[in-house]
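Those sequence lines, one after another, are chains A and B.
Start counting the first sequence at 1; every next residue gets the next number (full-length UniProt numbering).
Start counting the second sequence at 1; every next residue gets the next number (full-length UniProt numbering).
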Amino acid sequence: MRQYLLSIFQPPGEMPDHEALAAIMAEVGALNDEMRAAGAWVFGNGLEAPETATVLRAEGGDVLVTDGPFVELKEHLGGFTIINAEDLDDALGWGRRLAGVLGLPVEVRPFVPQG
Amino acid sequence: MTERIARVFREEYGRAVAVLVRSLGDIDLAEEAVQDAFTEAVRRWPESGEPPSPAGWIITTARNRAIDRLRRESTRDTRHAAAHALQAPDDSPAEEEGPVHDDRLRMLFTCCHPALAAPARVALTLRLLGGLTTAEIARAFLVPEPTMAQRLVRAKAKIKKAGIPYRVPRDADLPDRLSGVLAVVYLVFTEGHTASAGGRLVREDLCAEAVRLGRLLVELMPDEPEALGLLALMLLTRSRHPARTTADGRAVLLAQQDRSRWDRALITEGQDLVRRCLRRARPGPYQVQAAIQAVHSDARRAEDTDWAQVLALYNHLLALTPTPVVALNRAVAVGEVHGPGAALAEVERIGLDTYGPAHTLRAEMLRRLNRQAEAAEAYATAASLTENEVERARLTALWESTVE
Numbered sequence: 001m002r003q004y005l006l007s008i009f010q011p012p013g014e015m016p017d018h019e020a021l022a023a024i025m026a027e028v029g030a031l032n033d034e035m036r037a038a039g040a041w042v043f044g045n046g047l048e049a050p051e052t053a054t055v056l057r058a059e060g061g062d063v064l065v066t067d068g069p070f071v072e073l074k075e076h077l078g079g080f081t082i083i084n085a086e087d088l089d090d091a092l093g094w095g096r097r098l099a100g101v102l103g104l105p106v107e108v109r110p111f112v113p114q115g
Numbered sequence: 001m002t003e004r005i006a007r008v009f010r011e012e013y014g015r016a017v018a019v020l021v022r023s024l025g026d027i028d029l030a031e032e033a034v035q036d037a038f039t040e041a042v043r044r045w046p047e048s049g050e051p052p053s054p055a056g057w058i059i060t061t062a063r064n065r066a067i068d069r070l071r072r073e074s075t076r077d078t079r080h081a082a083a084h085a086l087q088a089p090d091d092s093p094a095e096e097e098g099p100v101h102d103d104r105l106r107m108l109f110t111c112c113h114p115a116l117a118a119p120a121r122v123a124l125t126l127r128l129l130g131g132l133t134t135a136e137i138a139r140a141f142l143v144p145e146p147t148m149a150q151r152l153v154r155a156k157a158k159i160k161k162a163g164i165p166y167r168v169p170r171d172a173d174l175p176d177r178l179s180g181v182l183a184v185v186y187l188v189f190t191e192g193h194t195a196s197a198g199g200r201l202v203r204e205d206l207c208a209e210a211v212r213l214g215r216l217l218v219e220l221m222p223d224e225p226e227a228l229g230l231l232a233l234m235l236l237t238r239s240r241h242p243a244r245t246t247a248d249g250r251a252v253l254l255a256q257q258d259r260s261r262w263d264r265a266l267i268t269e270g271q272d273l274v275r276r277c278l279r280r281a282r283p284g285p286y287q288v289q290a291a292i293q294a295v296h297s298d299a300r301r302a303e304d305t306d307w308a309q310v311l312a313l314y315n316h317l318l319a320l321t322p323t324p325v326v327a328l329n330r331a332v333a334v335g336e337v338h339g340p341g342a343a344l345a346e347v348e349r350i351g352l353d354t355y356g357p358a359h360t361l362r363a364e365m366l367r368r369l370n371r372q373a374e375a376a377e378a379y380a381t382a383a384s385l386t387e388n389e390v391e392r393a394r395l396t397a398l399w400e401s402t403v404e
């Protein structure tokens, strides 16, 4: 069994209205339940906006605190899900479902194996 | 004997690597072991003579070499486990599993996985299934050898680290994934058939390799009509190679080709395959393209071509794959059936302003309509858009003759 990170990318621009968002979140919830039932779900959640981030930099013997985010991108990490999967095809299967429900790009990336 | 071993290499390298990857789970290790086995063959066969089953000998020797390597090179548990797995009795060629589960088919699906970049898919397929060296693949695609080597290393690392599986996809994914595999094989063929760059029009080595892979696909998936269609398409296209260039290397268009130089054996085989497809009545883009080529192959002289039939098939193809390039090829048939005016209107509707062949067709139609100045300009544009020297020479000659 391998672990994969499904990163959800949020494009700039307006968010869907409250009602549409609620419908999407309900679908995401159902998908997460399905992942849990299949033993695939490890962790996942949405992230607050990038402006809420704080960056720490080790410099000399000190750690500097600055207002974030670390990189300013047009698209930002909107949330992520970590899953267990048999192989990439298995992971892409879940990733495809997630991208379909959200209507957003999803990046599937393997974790370094444990042990 | 060396020549004989080279032939065994070409024919059996892919199968041997595929079998070893299944038991080792590691492409690099499998390749090293198979190369070791061939080195051993070069040393031993000249004296001992060729073994009764060269492929079996190579696979057995490679497996033993892999066990040696695993024991020698590493004390890591995983590699020991792999060495143990290798000694298990089930790592002989998986004949009991039937053709669909042939190891080469798994390998092909791994090499052509959509998570790999398209150039990497092509390179991996030629390397692992075709047994071409990195240098040969680099030469075929006119990229420096280190670039190609890096492309292969990266792709193999992605297969390993991202967990691209070594298996035939599930039924639900199979149609999509198969079309990806067919696309890679056809890409190898078209690159060979009209080299996109360089001084030769045809790269025979690439065409031969694509046909070999096409035959392998038909052997492994005999019930897949698109695999049959692709093979038929490649055979019929290839049957014209002897007539496609003049002795001094200039390109000859279909209409001007000496049809007595077409390869009749390839035509017969291709047309038989097209008929086999038709009986299955599950048409797809490759089958329809093969059928179009079969119509051309039927005509003893260019003027005997059944263009109405060609146009009907292009209408079908355009419905299956509504792309501008298909629409452009269909416009050629429109020109033959309904005249140059109708074809010109089609070309202008399609657009494709940066695609050389669109300007070539526009030029042809303008010339037939006696609009010489516009035709010359279109030929010049077409010549400026191709990287292939042979094709550019042909277009430049046409431009000159139109200007006069």
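Note that CB positions come from ideal geometry on N, CA and C, so glycine has one too.
Because the structure is a prediction, the values reported are computed rather than measured.
Taking the CB atoms as reference points, tell me whether F80 of chain A and G39 of chain A lie closer together than 8 Å.
-> Translated into the one-based positions of the first sequence, residue 80 of chain A becomes position 80. Translated into the one-based positions of the first sequence, residue 39 of chain A becomes position 39. Not in contact: F80 of chain A and G39 of chain A (Cβ atoms no closer than 8 Å).
Every unbroken alpha helix (DSSP H) inside the region 128-172 of chain B [4 residues or more] | 134-140 and 145-162
Alpha carbon of G341 of chain B to alpha carbon of N32 of chain A, nearest angstrom = Working through the second sequence from its first residue, we reach residue 341 of chain B at position 341. Working through the first sequence from its first residue, we reach residue 32 of chain A at position 32. Between G341 of chain B and N32 of chain A, the C-alpha separation is close to 59 Å.
Does the count of Cβ pairs from the region 262-281 of chain B and the region 230-249 of chain B closer than 8 Å reach three?
-> yes
Who are the Cβ neighbours of L318 of chain B in its own chain at under 8 Å, not counting the five residues just before and after it?
-> As a working note, residue 318 of chain B is residue 318 in the second sequence. Closer than 8 Å at the Cβ level, and outside the excluded window around L318 of chain B, lie V326, A327 and R330.
Compare the beta carbon distance of R259 of chain B and R300 of chain B with 8 Å and say whether it is the shorter of the two.
-> In the second sequence, residue 259 of chain B corresponds to position 259, counting from 1. In the second sequence, residue 300 of chain B corresponds to position 300, counting from 1. For R259 of chain B and R300 of chain B, yes; Cβs fall inside 8 Å.
Determine whether the Cβ of K156 of chain B lies closer than 8 Å to any Cβ atom of chain A.
-> Locating residue 156 of chain B in the second sequence gives position 156, counting from the first residue. No - not a single Cβ of chain A is within 8 Å of the one on K156 of chain B.
Evaluate M35 of chain A with the Cβ neighbour count: other Cβ atoms within 10 Å of its Cβ, from every protein chain shown; 16 or more gives buried, anything less gives exposed.
-> As a first step, residue 35 of chain A is located in the first sequence; it is residue number 35 there, counting from the start. Looking at its Cβ environment, which holds 16 or more other Cβ atoms inside 10 Å, M35 of chain A is buried.
Are V288 of chain B and D306 of chain B closer than 8 Å when you measure CB to CB?
-> Walking along the second sequence from the start, residue 288 of chain B turns up at place 288. Walking along the second sequence from the start, residue 306 of chain B turns up at place 306. Against a cut-off of 8 Å, the Cβ pair of D306 of chain B and V288 of chain B comes out as no contact.
Assign L220 of chain B to buried or exposed, taking buried as 16 or more other Cβ atoms, counted over all protein chains shown, within 10 Å of its Cβ.
-> If you number the second sequence from 1, residue 220 of chain B lands on position 220. Answer is buried; the Cβ neighbour count reaches 16.
Residues in its own chain within less than 6 Å of H76 of chain A by CB, not counting five upstream and five downstream?
-> Counting from 1 along the first sequence, the entry for residue 76 of chain A is found at position 76. Here the set comprises Q10 and P50.
Would you call the CB atoms of I164 of chain B and T246 of chain B closer than 8 Å?
-> Numbered from its first residue, the second sequence carries residue 164 of chain B at position 164. Numbered from its first residue, the second sequence carries residue 246 of chain B at position 246. In this structure, T246 of chain B does not lie closer than 8 Å to I164 of chain B by Cβ.
Kindly indicate which three-state DSSP category Q10 of chain A falls into: helix, strand or coil?
-> Reading the first sequence from its first residue, position 10 is the one you call residue 10 of chain A. It is a strand residue.
Identify whether F38 of chain B lies in helix, strand or coil by the three-state DSSP scheme.
-> Along the second sequence, read from residue 1 onward, the residue named residue 38 of chain B stands at position 38. Three-state DSSP puts F38 of chain B in a helix.
Expressed to the nearest angstrom, what Euclidean distance is found between the alpha-carbon atoms of L5 of chain A and N84 of chain A?
-> Counting from one through the first sequence, the residue named residue 5 of chain A turns up at place 5. Counting from one through the first sequence, the residue named residue 84 of chain A turns up at place 84. Going from the Cα of L5 of chain A to the Cα of N84 of chain A covers about 9 Å.
Partner residues on chain B for L88 of chain A, Cβ-Cβ distance less than 7 Å | As a first step, residue 88 of chain A must be located in the first sequence, where it is residue number 88. Ordered by position in chain B, the residues that pass the 7 Å Cβ test against L88 of chain A are A115, A162, G163, I164 and P165.
Delimiting residues of the alpha helix (DSSP H) encompassing H193 of chain B = By 1-based counting over the second sequence, the position of residue 193 of chain B is 193. Its alpha helix (DSSP H) spans residues L174 to H193.
Should the region 59-68 of chain B be called in touch with the region 29-43 of chain B, which here means at least 3 C-beta pairs below 8 Å?
-> yes
Run of the alpha helix (DSSP H) containing T321 of chain B, from where it starts to where it stops | As a working mapping, residue 321 of chain B is identified with position 321 in the second sequence. No alpha helix (DSSP H) holds T321 of chain B; DSSP gives it neither H nor E.
Within 8 Å, strictly: CB atoms of V8 of chain B and P46 of chain B = Here residue 8 of chain B is taken as the residue at index 8 of the second sequence, counted from 1. Here residue 46 of chain B is taken as the residue at index 46 of the second sequence, counted from 1. Going by C-beta atoms, V8 of chain B is not nearer than 8 Å to P46 of chain B.
Count the other CB atoms, across all protein chains shown, that sit within 10 Å of the CB of A16 of chain B; report buried if there are 16 or more and exposed otherwise.
-> Locating residue 16 of chain B in the second sequence gives position 16, where the first residue counts as 1. Buried, since its Cβ has 16 or more Cβ neighbours within 10 Å.
Going by C-alpha distance, which of B:V184, B:L253, B:L216 and B:R368 is nearest R240 of chain B?
-> Reading the second sequence from its first residue, position 240 is the one you call residue 240 of chain B. Nearest C-alpha to R240 of chain B: B:L253.
For A26 of chain B, count neighbouring C-beta atoms within 10 Å of its own C-beta (all shown protein chains included) and say buried if the count is 16 or more, exposed if not.
-> Along the second sequence, one-based indexing puts residue 26 of chain B at 26. This sequence places Asp at residue 26 of chain B; Ala is not what is there. So D26 of chain B counts as buried.
Complete runs of the alpha helix (DSSP H) confined to the region 83-115 of chain A [at least 4 residues] = 88-102
With 16 as the cutoff for other CB atoms within 10 Å, does N315 of chain B come out buried or exposed?
-> Numbered from its first residue, the second sequence carries residue 315 of chain B at position 315. So N315 of chain B ends up on the exposed side.
For the beta strand (DSSP E) containing F43 of chain A, list its first residue and its last residue.
-> Here the question's residue 43 of chain A lines up with position 43 in the first sequence. W41 to G46 is the span of the beta strand (DSSP E), which, as asked, contains F43 of chain A.
Quick check: the region 144-152 of chain B against the region 119-130 of chain B, are there 3 or more CB pairs under 8 Å?
-> yes
V65 of chain A - containing beta strand (DSSP E), residue span | For the purposes of this step, residue 65 of chain A is identified with residue 65 of the first sequence, where counting begins at 1. First-last of the beta strand (DSSP E) with V65 of chain A: D62 to D67.
Could you tell me whether any Cβ in chain A is nearer than 8 Å to the Cβ of P175 of chain B?
-> The sequence position of residue 175 of chain B within the second sequence is 175, counting from 1. Chain A, which has no Cβ nearer than 8 Å to the Cβ of P175 of chain B, makes this no.
Within 8 Å (strictly less), CB to CB, does P54 of chain B reach chain A?
-> Stepping through the second sequence from its first residue, residue 54 of chain B is reached at position 54. Not one chain A Cβ lies under 8 Å of P54 of chain B.
Kindly indicate the opening and closing residues of the alpha helix (DSSP H) around L395 of chain B.
-> Position 395 of the second sequence, counted from the start, is the residue given in the question as residue 395 of chain B. Here the alpha helix (DSSP H) through L395 of chain B covers E389 to V403.
Sequence-distant residues of the same chain with beta carbon closer than 7 Å to residue 167 of chain A, five excluded per side = Since the first residue shown for chain A is 1 and the last is 115, residue 167 of chain A is missing from the structure and cannot be characterised.
Note down the Cα distance separating V153 of chain B from T321 of chain B, rounded to an integer number of angstroms.
-> Indexing the second sequence from 1 puts residue 153 of chain B at position 153. Indexing the second sequence from 1 puts residue 321 of chain B at position 321. Roughly 34 Å separates the two Cα atoms.
For the alpha helix (DSSP H) that E364 of chain B lies in, which residues bound it at each end?
-> Residue mapping note: residue 364 of chain B aligns to position 364 of the second sequence, counting from 1. Looking at the DSSP string, the run of the alpha helix (DSSP H) that includes E364 of chain B is G356 to R368.
Comparing the C-beta of R97 of chain A with each C-beta of chain B, is any distance below 8 Å?
-> As a working note, residue 97 of chain A is residue 97 in the first sequence. No, R97 of chain A lies away from the interface with chain B (no Cβ there is under 8 Å from its Cβ).
What is the rounded straight-line gap between the Cα of H192 of chain B and the Cα of A243 of chain B?
-> For this step, residue 192 of chain B is matched to residue 192 along the second sequence. For this step, residue 243 of chain B is matched to residue 243 along the second sequence. Note that residue 192 of chain B corresponds to Gly in the displayed sequence, not to His. Between G192 of chain B and A243 of chain B, the C-alpha separation is close to 16 Å.
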